[in-house]
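Notes to accompany the following structure.
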Amino acid sequence: MKNITKIIPIHPVVAELLAGQSRQIEALQYECGCLRVSADALEERVDLTEQQLAAADARIRELEAALVLANLPAGSRDNVIQMVREAA
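Anchor point for the sequence shown: position 66 equals 79 in the numbering used here, and the numbering is continuous, going up by one each time.
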């Protein structure tokens, strides 16, 4: 701000207002940078949480299938196990 007052004569009150606005802009730019960092960190957490949820869903489906299998009569259970082995 000091440089502009040397080039263009500005009333001291106006110069102070401009300096104040300049400080506000700098503070807002800093805050935006901090918010970007926070948003990036949050996005990483969301991605990780989604991966963990997908893995948990897969485990739940496997456990549900195991429960269904466990409740089958022995002969049917053996048939299902054999089919799974053949498919693998």
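We put the CB at the ideal spot given by N, CA and C, even for glycine.
Since the structure is predicted, the reported quantities are computational estimates derived from the model, not experimental observations.
When the Cα atoms are used, what is the spatial distance from residue i to residue j?
| i | j | result |
| --- | --- | --- |
| Q64 | A32 | 48 Å |
| I20 | Q37 | 23 Å |
| L80 | R74 | 10 Å |
| S89 | R58 | 44 Å |
| A100 | G46 | 53 Å |
| P22 | A28 | 9 Å |
In the structure shown, what three-state DSSP assignment does residue i receive?
| i | result |
| --- | --- |
| L55 | helix |
| L85 | coil |
| P22 | coil |
| A68 | helix |
| A100 | helix |
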